[in-house]
Ligand SMILES: NC(=O)C1=CN([C@@H]2O[C@H](COP(=O)(O)OP(=O)(O)OC[C@H]3O[C@@H](n4cnc5c(N)ncnc54)[C@H](O)[C@@H]3O)[C@@H](O)[C@H]2O)C=CC1
Ligand SMILES: O=C([O-])CC(=O)C(=O)O
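Numbering (the working numbering), first residue to last: 90 to 393.
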């Protein structure tokens with residue numbers, strides 16, 4: 090069973106994509122808001138009925154219902170309003186994530202947890218610490234979404250098929266995000282073959298800023314995050330061993346310890362099966378280290 094805690098905009102969409110991809114026979118939506126997960130489940134089941142897909146989506150307010158889950162997505166908590174950074178949500182969401190993860194530990198202690206709530210990297214750290222799970226079983230979704238945006242900008246700038254574009258974004262899912270043109274390509278051909286440096290710099294800036302733009306225009310980001318969650322869950326449940334940037338706990342990798350930050354990792358049925366260490370150049374390393382410092386400063390200010 091896949092459980093999604095937080096049945097709001099992103100949680101509901103993640104359930105929808107997971108069901109359409111038939112990632113499990115049972116998907117559970119949990120929320121503290123009475124009626125919301127039940128209504129969302131009904132709505133999705135009605136859609137699945139027309140599609141002839143036998144995945145059962147259930148909505149509940151009872152955390153005990155997550156017993157038996159192999160994957161738990163945590164997407165409960167507030168989203169930012171226009172003008173805010175993700176880090177502005179630190180205090181309000183830290184207590185929500187703590188209480189939610191206590192419940193995961195109580196009812197699904199051999200599951201994997203995919204934190205999504207913002208600010209993502211500190212929330213992934215809280216999830217890791219509060220759960221006490223092995224670090225391979227806690228990995229946050231942020232970079233997967235960021236790279237889908239970077240891919241879209243590359244597609245718009247080059248005109249090449251989205252399918253032929255590969256992109257990588259690591260670091261903080263926030264102000265110190267690190268899109269990596271050097272590790273992105275069109276069918277394996279370096280981006281610098283297609284676009285001048287100034288254009289690449291522009292795409293990097295746009296990738297960092299575009300979520301705020303979507304929030305300004307429509308109030309929240311919904312479909313791209315819902316899909317990115319389902320892509321990570323898919324790599325786990327189908328043991329695809331895709332290389333995906335996830336917010337995972339570092340223990341010496343990239344020269345850092347006791348911090349959770351976005352790095353590429355092999356994601357399979359055991360969760361994070363290997364962290365991949367990239368040979369970052371000085372410029373990239375500076376941004377990455379700044380991201381680590383930002384997350385460390387945030388987590389030092391919260392009680393876990
Ligand atoms: N990591 C990422 O890439 C992304 C992260 N996010 C984050 O995901 C979070 C959710 O975003 P939306 O779905 O747009 O918000 P939303 O407001 O639509 O839904 C949040 C839901 O969480 C529920 N909730 C609050 N406390 C809870 C608790 N203790 N237990 C269970 N449920 C609880 C609320 O009742 C609400 O239904 C936000 O923090 C947002 O910033 C959103 C998009 C992408
Ligand atoms: O920007 C936000 O607040 C939501 C989010 O993390 C994203 O869509 O990347």
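Quick reminder that beta carbons are idealized off the backbone N, C-alpha and C, glycines included. No experiment lies behind these values; they were computed from the predicted model shown.
At a cut-off of 6 angstroms, would you count residue i as near ligand 2, judging by its Cβ distance to the nearest heavy atom?
i	result
residue 182	no
residue 63	The requested residue 63 does not occur in the structure, where the chain is confined to residues 90 to 393.
residue 370	no
residue 104	no
Whole-angstrom Cβ separation of residue i and residue j, contact assumed at under 8 angstroms?
i	j	result
residue 293	residue 268	5 angstroms
residue 128	residue 309	Their Cβ separation, rounded to whole angstroms, is 18 angstroms, which puts residue 128 and residue 309 out of contact at 8 angstroms.
residue 373	residue 330	Actually they are not in contact, since the Cβ atoms of residue 373 and residue 330 sit about 25 angstroms apart, beyond 8 angstroms.
residue 232	residue 212	Actually they are not in contact, since the Cβ atoms of residue 232 and residue 212 sit about 14 angstroms apart, beyond 8 angstroms.
residue 350	residue 261	6 angstroms
residue 322	residue 107	6 angstroms
residue 160	residue 201	5 angstroms
Do you know how far the Cα of residue j is from the Cα of residue i?
i	j	result
residue 109	residue 170	30 angstroms
residue 238	residue 216	26 angstroms
residue 352	residue 332	10 angstroms
residue 285	residue 91	44 angstroms
residue 181	residue 276	42 angstroms
residue 234	residue 99	12 angstroms
residue 95	residue 356	23 angstroms
residue 183	residue 317	22 angstroms
residue 162	residue 295	28 angstroms
residue 88	residue 354	Residue 88 is absent from the model: the chain starts at 90 and stops at 393.
residue 194	residue 155	11 angstroms
residue 279	residue 270	8 angstroms
residue 205	residue 164	5 angstroms
residue 172	residue 306	12 angstroms
residue 266	residue 377	8 angstroms
residue 196	residue 303	36 angstroms
residue 226	residue 360	5 angstroms
residue 122	residue 137	24 angstroms
residue 385	residue 151	34 angstroms
residue 313	residue 251	15 angstroms
residue 210	residue 336	6 angstroms
For residue i, which residues of its own chain have a beta-carbon under 7 angstroms away from its beta-carbon, when the five flanking residues on both sides are left out?
i	result
residue 208	175, 176, 178, 179, 263 and 387
residue 255	273 and 274
residue 287	none
residue 358	325 and 328
Excluding five sequence neighbours on each side, which residues of the same chain lie with their C-beta closer than 6 angstroms to the C-beta of residue i?
i	result
residue 399	The question about residue 399 has no answer, for the chain in this structure spans 90 to 393.
residue 101	129
residue 454	Coverage of the chain is limited to positions 90 through 393, which leaves residue 454 absent and any answer about it impossible.
residue 118	93, 96, 104, 126, 129, 130 and 148
residue 218	393
residue 214	349 and 388
Going by the C-beta, is residue i closer than 6 angstroms to any heavy atom of ligand 1?
i	result
residue 121	yes
residue 337	no
residue 230	yes
residue 166	yes
residue 302	no
residue 189	yes
Practice problem: Could you tell me whether the stretch 340-347 touches the stretch 366-386, where touching means 3 or more Cβ pairs closer than 8 angstroms? | Solution: yes
Self-check item: contact_flag[the stretch 362-376, the stretch 174-194] where n(CB pairs < 8 angstroms) is 3 or more
Solution: no
Exercise. Specify whether the stretch 292-311 and the stretch 226-241 touch according to this definition: at least 3 beta carbon pairs, one from each stretch, less than 8 angstroms apart.
Key: yes
Quiz prompt | At least 3 beta-carbon pairs within less than 8 angstroms: the stretch 96-115 vs the stretch 133-148 | solution = yes
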